[in-house]
Each structure stands twice: as structure tokens, then as C-alpha cells.
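Novice: Just so it is clear: in the sequence shown, position 336 is 337 by the working numbering, and no numbers are missing. I have a structure I would like to understand better, so I am pasting it below and will then ask my questions one at a time.
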Amino acid sequence: MKMEEVANEDGLAVPPKQLPFMRLGLEKLDTFHDEVVDLEATLADVVKLGGQDAEKKASRLIKQLRAFEPSITMIGQIKSGKTSLVNAMVGRPDLLPADVNPWTSVVTSLHLNAPLPDDAPTATFQFFSQGEWDHLVENGGRIGELSERAGADDELEKVRLQIAEMREKTKQRLGRKFELLLGQKHNYAELSDELVQRYVCMGDDFEDMEEEDQQGQFADITKSADLYLSADKIPMPLCLRDTPGVNDTFMMREQITINALRDSRICVVVLSAHQALSSMDMGLIRLISNVKAREVVIFVNRIDELSNPGEQVPEIRDSILQTLADNNGPENPQVIFGSAYWANIALSEDLDDIVADSAEAMFNWAEAALSAETAGMGTQELVWHLSGVPELYRALSERIAEGPGAEILAASRKRALNLVGGVRASNAVVSMRLDGDTVDVMSADKLSAHLHELEAESLKTLDERLDIAFQQFGSRVDQSHKRFLDRALESLLQHLETNGEEEIWQYSPDGLRMLLRTSYQVMRRNVTAACQEVYGTAAGDLANTYRSAFGVDVENFTIAAPAAPEVPAPVSLGQTIALDLQTSWWKGWWKRRKGYRAFASGFYDLIEAETAPIVDELKVRQADDIRARAQTELREFHAEQRAILEDISSKSEIAIDDLEDIFGITAQQERDELFDYIFEELSDGEPVLAVGMDK
């Protein structure tokens with residue numbers, strides 16, 4: 002089912018029919034979606050209690066819930082069928098070009114069911130900036146930097162020639178507008194097959210393109226593509242990121258894939274059943290070694306090309322797990338076997354198109370993989386089941402529901418509890434005034450000044466606590482870095498003493514990565530503890546403010562503190578450095594050195610220059626990002642509480658005659674019963690908040 006076969010008269014892509022069996026494996030997401038709907042219903046009750054002001058806050062919270070879009074980054078071997086798998090997962094077999102040999106390094110993000118304004122584009126393509134392009138074409142990217150540091154003039158010249166050729170062909174194709182396009186973004190209201198071909202893919206035959214042929218027109222300067230699609234069988238928004246392979250001439254793809262991994266909590270590693278994992282995939286193993294094992298799923302694709310998958314699959318599984326264990330990969334990752342080809346055949350509704358060898362492999366796999374749960378499935382559904390896509394979605398659904406999904410639900414419930422607590426306090430102020438009681442309320446100016454003082458103090462304390470955590474982290478990282486360099490140098494000198502200069506020496510940098518990873522884990526715990534302490538203190542101070550400002554009895558009243566933000570994985574540790582490579586330039590570097598002193602000083606400078614960017618990434622960029630997240634969470638918490646408290650303050654100034662209509666529900670008893678119900682719904686095992694008033 003090609004996109005052009007489902008295009009309308011304007012040539013725009015029309016979403017293909019989503020088949021019922023595409024819901025297989027999504028049960029956990031269905032449950033999560035039901036919990037979101039229940040929370041939205043509870044927030045609707047808050048609106049009944051709090052009126053217009055509560056409605057604004059509840060609507061904002063509902064909007065954030067609906068916009069929750071967990072992302073899944075797909076990485077893997079080149080030619081593993083990763084793009085075909087992504088196409089199958091979204092039910093559009095020919096959406097993204099597959100089985101080509103692109104020059105490009107495009108990260109394609111498929112945003113499924115994302116809520117968009119009416120005038121928002123459904124396709125956005127971002128080009129490399131001038132600086133990014135210059136880094137590639139002038140320095141040769143990472144390979145160019147590495148070769149230059151190593152003094153590998155021949156290797157560097159080859160890289161420069163290849164890049165010059167690429168740049169010249171790009172300029173010839175794009176003409177004068179080439180320089181103007183860099184750093185720009187192209188938006189489109191409608192997605193079409195032609196757009197994807199033009200921006201995302203440049204196949205093997207790009208040199209033979211006719212002048213009017215638009216395929217790949219912008220592909221080699223396109224950095225990312227964001228496509229917004231509907232997928233009605235998936236019950237919530239979801240983002241699938243299709244990344245380039247991790248090995249390429251200039252290491253551009255590796256860096257871009259690392260950046261994509263930073264933005265995702267879940268990673269799918271796609272392997273080919275014929276390749277499994279080997280020493281050629283060390284870059285892949287290094288990347289996933291720095292992601293939590295629970296958040297890595299391995300999908301072994303192309304089992305349709307095996308002669309006897311029933312017998313070969315267990316052998317391949319054992320080989321993968323052993324390779325990961327031997328190379329410090331993630332422990333006990335979930336490994337799923339399947340075939341994107343079978344999945345796309347199932348979606349095509351024409352099973353007769355399957356090639357004979359693949360059909361034979363499917364029957365063989367069916368004997369080994371089918372169980373009682375598949376009894377009663379139709380043929381298409383059975384093929385879909387055997388493809389492994391439902392099992393992959395089941396694994397992803399569990400990780401979303403138990404990880405980022407559970408976190409956003411918990412955070413939203415806390416914020417809703419705080420909103421309800423504020424509404425209840427506001428209700429109490431109004432009730433006391435209606436009863437004729439005198440309410441001694443802090444002036445609006447004094448309240449505002451007090452709240453800003455609390456925020457400034459908590460932000461100052463947070464920065465101080467984070468300074469300590471990051472300083473300790475930086476010291477530990479620097480010590481680990483120096484210790485690694487000293488040990489490596491000592492190993493080099495011992496090698497020279499024992500074997501002389503003729504035998505080439507190798508040294509693994511995995512020890513450095515392990516030391517840095519351990520330091521990062523300690524920092525993560527310290528940052529989380531610091532945030533929890535500061536956030537908790539801020540919540541306590543705000544709870545006390547209710548009493549001092551409005552006479553609220555705080556004996557049984559608390560404000561729920563926000564959760565500490567998730568500290569992202571240190572994926573930059575997976576970056577390839579000189580010691581990872583077993584290429585000719587390393588031999589050349591070795592042969593150009595004469596004498597122990599030349600080896601020692603040259604090696605130390607080379608490896609220090611190679612590893613310093615990774616160390617700086619962790620100490621500076623990553624630390625700054627973590628600090629910014631922690632500060633943002635605290636500021637938003639204070640802003641929400643300030644809005645609630647100022648709302649209560651305003652209620653104390655409303656004329657008595659206008660108070661009767663302050664809430665959608667005016668009967669005091671009914672309000673109290675609804676408050677109790679809402680607290681029970683939102684608390685989910687946490688202590689119920691109770692607000693009383695001093696009279």
C-alpha cells in the first residue's frame with residue numbers, strides 16, 4: 002500500500018485504514034489512557050467547586066496531560082530494516098523510504114496523535130546550521146578532528162576529498178540558495194510522499210538524478226524531520242524517532258543519534274538476524290550501555306530471511322546476550338524477534354505477495370512461536386502476531402506506563418491536590434464571610450512580597466545544594482579522567498619495555514567510561530536528594546503561608562511538593578574516541594613515533610584531547626541542563642501556588658452580595674462531600690489533605 006496509492010486528487014497523503022489487530026500489545030497504554038481520562042473527570046469536579054479561576058488552572062493541567070508524548074528512539078545497524086519496522090509500527094508501509102543507501106543523517110520524528118492547533122504544520126524540516134555544516138566540511142567532522150590530532154595526514158586528506166565532493170554536488174544541486182538554506186526550517190500544512198522523498202532520502206542513484214527529479218533535493222543538508230500523523234489504534238500521543246545508523250564516514254550519525262537519545266527515555270535497538278551483534282557493533286553497544294537496562298529493548302529483525310528460525314532464534318539470542326555481557330552492555334535486556342517484512346505484508350491485506358522463502362520461514366517460526374493465545378486469530382492477525390510488532394509494542398507500553406507515564410500521572414495528581422487544597426481554602430474563606438465571621442487577611446501587596454521572597458530563597462538554596470553536588474561530581478570526574486590517562490600511559494610504557502616499538506599496542510577506554518558512569522550515578526542521587534529536600538521545604542513554607550495569610554489551620558494541611566526531575570542518561574559516554582578504533586591511522590600514528598618519550602607525550606596529548614570533550618559534556622552541558630530542569634520545576638511550583646493564594650486573597654475582598662455565586666455549587670454540605678470524594682480520588686494512598694479555618 003504505497004502512499005501515492007492512497008493520495009487524494011491534490012496528491013496529498015491520505016492516512017491508510019488502521020486495521021483492528023494493530024491494537025495488539027497496546028493494552029498497558031489503554032489502561033494509562035483510562036487513568037488520564039479519570040483524572041480529567043476529577044479535575045472537572047474541581048471546576049464545579051472552584052468556578053472560573055479553578056477552571057483555568059484545571060484546563061491548563063488537562064492540556065498538559067493530553068500533550069504528554071513519550072518518545073522512543075530507534076537506533077541500530079545500517080540495513081537492519083529499522084525504517085521498515087517504524088513504517089509497520091505506524092501502519093504505513095511506505096511512509097519513510099527504506100532499503101536505500103542515504104548520505105543523509107536525518108532524524109525523523111513521527112508524532113502520532115499529537116494535539117495540534119488548526120494552523121500548525123504537519124511536516125517540518127530543519128536544515129543544518131552554517132556552523133554545523135562548516136564543522137563537517139572544513140574539519141571533516143569527528144573523523145577529521147581525530148585524524149588531525151593523530152597526525153594521520155593520508156586519512157585526513159581522504160576525508161577532506163570525500164567531503165569536498167559532497168559539498169560540490171550539494172552546491173550544484175541547490176545553486177545559489179544553498180547558503181541561504183542553512184539554519185532554515187521548512188513547514189508544510191499537508192504531508193505528502195513527495196515531501197518525504199525530497200527532504201529525508203537520497204538513494205544509491207542520486208548521481209544519476211534528472212534535473213527535474215526532486216528526490217533527495219535537500220536530503221544532505223536536512224538535520225531533522227518532524228511529521229505529524231494520526232494513528233487511531235494507539236490510544237495516546239507517541240513519538241517514534243527514526244535515527245541514522247551509528248556508523249558512517251564522518252561520525253555525524255553517531256553524534257546525531259546521541260542527541261536523539263538524550264530526548265528519549267526508551268530506546269529500541271534494531272538488529273538484523275543475519276548480523277546479530279559483533280565487534281563491528283561496538284559503537285552501538287557503547288551507546289546503549291549508558292541507558293538504563295530497563296529502558297532498552299532489542300528487536301532482532303529479518304527473521305523472515307533465516308532458513309530455520311525455530312532453531313536459529315535461540316542461538317542468536319544467546320549470542321547477543323553473551324556479546325553484551327562480554328562488552329559491558331546492558332544486563333538482561335528484553336530481546337524480541339520478528340520481521341518488519343511480515344508486518345508490512347499483514348498491513349497490505351494481500352498475503353499472496355509474500356515471497357516463497359519468507360513464507361516457508363514464517364511457517365517454521367509459527368510452529369515454534371504460536372501458542373494457545375493465538376487460537377481464533379485470522380490469517381492477517383496471525384501474520385501480524387508473528388511479525389513481533391505486537392510484542393514490541395507490549396514491551397514499549399509497559400515501559401511507558403511504568404516509567405514516564407506513571408511519573409506524569411503522579412505529578413499531575415500532586416498538582417491537582419494542591420489546586421483542590423487551594424480551592425478548599427478559598428471556599429472556607431468565602432463560607433466564613435457568608436457566616437458573618439471576620440476574616441483577617443494579609444494584604445495583597447504583603448502576600449505578593451512574601452511569596453516572591455519564599456521563591457527567591459528556595460531558588461537560592463537549590464542552587465547552593467546543586468553547586469555542592471556538581472562540584473563533588475566535577476572533582477570525581479577530573480580524578481577519574483587523570484587516573485585513566487595515568488594508567489593508560491603506564492600500560493603503554495610497560496608495553497614498550499616488554500615488546501619494543503614494533504608491536505602495536507591497544508588499550509580499551511571502557512574503564513574510563515565505567516568510572517565516569519559511576520560518578521554520574523552518584524551525582525544523580527545527590528541531585529535528586531537535593532531537589533527533594535528543597536522542594537519539600539518550599540512546600541512546607543507555602544503551607545504555613547496559608548495560615549499566616551488567611552488563618553488556615555495547618556495542623557492537617559500540607560502542600561504536595563513536586564517530584565525531582567528525571568536526570569537524563571549520560572549517553573555522551575557512548576561517543577567513539579581514538580582508542581575505540583582499530584583502523585590504519587592508528588597504525589600510522591604508531592609507526593611515526595620513534596623513542597619512548599615520543600610515544601608517551603604524543604599518546605597522552607592525543608587521548609586527553611579525545612576524552613576531554615566527553616568530560617566537559619558531563620561536567621558543563623549536562624550539569625547545566627539538569628540545573629535548568631530543577632529550577633524550572635521549582636519556579637512552576639511557586640507560580641502555581643502564588644496563583645492559588647492570590648486567588649484566595651481576591652475572594653476576601655469581594656462584596657458580600659456577590660459571594661453567593663462564587664462557586665458553581667453553593668450548598669456547603671454538597672461541597673464538603675465533593676471535596677472528600679476528590680481528595681480520595683487524587684490521594685491514591687497518600688495522606689488526605691484537610692483544611693480548617695480559625696475563627
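Where is the CB? At the ideal position from N, CA and C, for every residue including glycine. Because the structure is a prediction, the values reported are computed rather than measured.
1. Spatial neighbours of residue 375 within its chain, please: C-beta separation below 7 Å, excluding the five flanking residues on both sides.
2. Does DSSP classify residue 342 as helix, strand or coil?
3. Identify every residue that forms a DSSP beta bridge with residue 186.
4. In the DSSP assignment, what residue or residues form a beta bridge with residue 229?
5. By alpha-carbon positions, which one of 641, 603, 472 ends up nearest to residue 619?
6. Quick one: Cα of residue 356 to Cα of residue 92, how far?
7. According to DSSP, is residue 475 helix, strand or coil?
8. Give the secondary structure of residue 307 by DSSP, where H, G and I count as helix, E and B as strand, and everything else as coil.
9. Per DSSP, residue 72 is paired with what?
10. So, under 8 Å CB-CB, residue 301 and residue 274 are touching, yes? Tell me the CB distance rounded to an integer number of Å.
11. Between the segment 230-239 and the segment 107-117, are three or more C-beta pairs nearer than 8 Å?
12. Comparing C-alpha positions only, which one of 67, 277, 47 sits nearest to residue 59?
13. Indicate the three-state DSSP secondary structure (helix, strand or coil) for residue 677 in the structure shown.
14. Taking the Cβ atom as the reference point for each residue, do residue 320 and residue 277 lie within a distance shorter than 7 Å?
15. For residue 272, which of helix, strand or coil comes out of DSSP?
16. Kindly list the residues whose CB is nearer than 6 Å to the CB of residue 661, restricted to its own chain and excluding five residues on each side of it in sequence; keep chain order.
17. Taking Cβ to Cβ, would you say residue 537 is nearer than 7 Å to residue 562?
18. Let me know if residue 627 comes out buried or exposed under the rule of 16 or more other beta-carbons within 10 Å of its beta-carbon.
19. Which one of 218, 170, 306, 399 has the shortest CA to CA distance from residue 71?
20. Can you check which of these residues, 514, 333, 169, 65, is closest to residue 417 by C-alpha distance?
21. How big is the Cα-Cα spacing for residue 528 and residue 172?
22. Within 10 angstroms of the Cβ of residue 453, are there 16 or more other Cβ atoms? Answer buried if so, exposed if not.
23. Per DSSP, residue 299 forms a beta bridge with which residues?
24. Please report how far the alpha carbon of residue 97 lies from the alpha carbon of residue 179, in whole angstroms.
25. On the criterion of 16 or more Cβ atoms from any shown chain inside 10 Å, does residue 419 qualify as buried, or is it exposed?
26. Taking residue 445 as the reference, which of 244, 127, 644 has the closest Cα?
27. Anyone know if the C-beta pair for residue 682 and residue 43 falls short of 7 Å?
28. Between residue 581 and residue 90, which are expected to be in contact by the criterion C-beta below 8 Å, what is the C-beta distance as a whole number of angstroms?
29. Who are the Cβ neighbours of residue 396 in its own chain at under 6 Å, not counting the five residues just before and after it?
30. What does the Cβ neighbour count give for residue 223, buried or exposed, with the cut at 16 atoms within 10 Å?
31. Return the CA-CA distance between residue 632 and residue 566, expressed in angstroms with no decimal places.
32. Within 10 Å of its beta-carbon, does residue 77 have 16 or more other beta-carbons around it, so buried, or fewer, so exposed?
33. Quick test of your reading: residue 328 and residue 286, contact by CB under 8 Å. State the CB separation rounded to the nearest angstrom.
34. Going by other Cβ atoms of all chains shown within 10 Å of its Cβ, with 16 needed for buried, is residue 487 buried or exposed?
35. On the CB-based measure, 16 or more other CB atoms within 10 Å of its CB, does residue 678 come out buried or exposed?
36. Between 108, 194, 497, 168, which lies nearest to residue 94 when the distance is taken from Cα to Cα?
Specialist: Let me spell this out:
1. 383, 386
2. helix
3. 127
4. 112
5. 472
6. 21 Å
7. helix
8. coil
9. 240
10. 5 Å
11. yes
12. 47
13. helix
14. yes
15. strand
16. Here residue 661 scores only 49 on pLDDT, less than 50, and its place in the model is too uncertain to base an answer on.
17. yes
18. buried
19. 399
20. 65
21. 48 Å
22. exposed
23. 270, 336
24. 25 Å
25. buried
26. 644
27. yes
28. 31 Å between Cβ atoms; not a contact.
29. 298, 335
30. buried
31. 10 Å
32. buried
33. 5 Å
34. exposed
35. exposed
36. 194
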